[in-house]
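Once you know that position 199 of the sequence shown is 199 in the working numbering, the rest is easy, because the numbers rise by one and skip nothing.
Heads up, the beta-carbon is just placed ideally off N, CA and C, and yes, glycines get one too.
In this text the structure is predicted, and so the values were computed from the model without any measurement.
The structure appears below as structure tokens.
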Amino acid sequence: MPLSNFSPRRPRRPRNQGNSLGPRESHLPGLGDSFSLRGTGRWVRELWLDLLAILWPCACVVCEAPDRDLCAECRERLHQARAAHSLTRIVLPAGVAAFVAGPYTGPLRAVMVAYKHGGRLAFARVLGAQLRAPLRAALSSNAHAHAHAVGGESSQPTLIVTAASRRSSVRERGYRHVDLLVKHALRDRANMPRAILVGGALRALRGRTGQVGLDAAERERNAARMELAPSMRGLLAGRDVVVVDDIVTTGATMRAAVAALTEAGARVVAIVAVCATERRDATLSGRSDFKVEKVIGQK
């Protein structure tokens, strides 16, 4: 069966969840601040957004400026912050690199919370754009390493596997939220090595809960309740894999994902996330958990 058949199904329209979704998100999906009219000027787009703001008042999720889900200033701050950061603090098996778009603070945090917990599906495009640089860095580093080792490019594309989501979360949202971010990140293939998203490869086991509020040991035990779908074992065996998640905290989920994939014979070359929390001691001391990576063709 071709690999393309393993990409996740097109996401369903999210359910209306009372006050968690405004009319623009529940009845007009995709007509948030990321909406665009093909073949028309910017003024038409702004006029349309002004009309929507009159009908359904909204505010920027970052600064609360009126009339836009994400105002122009905050959108520009995100655009200027696009980069690939090497994450230095988490413990991973030897040979597995870690890349993120930035720390879980400021505009990036606000947009992520609105997307992940507020049902703002339109922000998938914004976050996908932030994910593009670290994903490109991970794929490029693997391509360069392979070329150095064997003297040429690999004949097979790298496979992208997303961290497992609980079934209850997928049902509530109506889509796999990290898969959707990867799809948006891959829309711009400029200077992006070949890669294919394999949806639904990792799945959460019964008894797994959310990680929020758990201490480090509890996170490790909870994250370990994850497995590789049996139907995926043959597909992933012997292949280079990049694991993607939305947020990295202690790294427990990523370590569990790497372990499950490695046990099945996959070669995990990197983990990637949109953002990562920063250690309190690093913040207080002035040290950073992040190092900016220079990536050819980065936008």
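In this structure, the CA atom of E64 is about 10 Å from the CA atom of C74.
In the three-state reduction of the DSSP assignment, P134 falls in the helix class, which pools H, G and I. Distance check between L186 and each of L236, L131 and H177 places L131 closest, using alpha-carbon atoms only. Inside the stretch 156-222, DSSP marks whole alpha helix (DSSP H) runs of 4 or more residues at positions 167-173 and 177-185, from first to last along the chain.
Contact between the stretch 161-176 and the stretch 89-109 is not established, with fewer than three Cβ pairs separated by less than 8 Å. In the DSSP secondary-structure assignment, D240 is bridged to R267. Separation of P157 and P57 (C-alpha to C-alpha, rounded to the nearest whole angstrom) is 45 Å.
In the three-state scheme derived from DSSP, where H, G and I count as helix and E and B as strand, A122 is classed as coil.
Between A124 and L181, the gap from beta carbon to beta carbon is short of 7 Å. In the three-state scheme derived from DSSP, where H, G and I count as helix and E and B as strand, E227 is classed as strand.
Within the model, the alpha-carbon separation for Y115 versus N222 is close to 24 Å.
In terms of Cβ geometry, V272 and V242 form a close pair [threshold 7 Å].
Distances from the alpha-carbon of A81 to those of R109, V61 and C60 put R109 closest. Comparing C-alpha distances from A83 to each of V126, C60 and A133 shows the shortest one belongs to A133. Remark: C-beta atoms of T250 and R219 approach each other more closely than 7 Å. Assignment of C275 by DSSP, reduced to helix, strand and coil, places it in the strand class. Here A237 really is in contact with G265; their C-beta atoms are around 4 Å apart, less than 8 Å. Contact between V178 and V244 is confirmed by a C-beta separation of about 6 Å, below the 8 Å threshold.
Exposure of L205 is indicated by the presence of fewer than 16 other C-beta atoms within 10 angstroms of its C-beta. For the pair V113 and V126, the CB atoms are not nearer than the 7 Å cut-off.
As the crow flies, the alpha-carbon of V91 is around 14 Å from that of V269. Between the alpha carbons of A252 and S231 lies a gap of roughly 24 Å. The closest CA to that of H79, considering only G128, F99 and P193, is found on G128. Going by beta carbons, C275 and V96 fall outside the 7 Å limit. For A97, the uninterrupted beta strand (DSSP E) segment begins and ends at A97 to P103. In the three-state reduction of the DSSP assignment, A59 falls in the strand class. In this structure, A59 places its C-beta atom within 7 Å of the C-beta atom of P66. By alpha-carbon distance to A256, the top candidate from T277, L235, R208 and E278 is R208.
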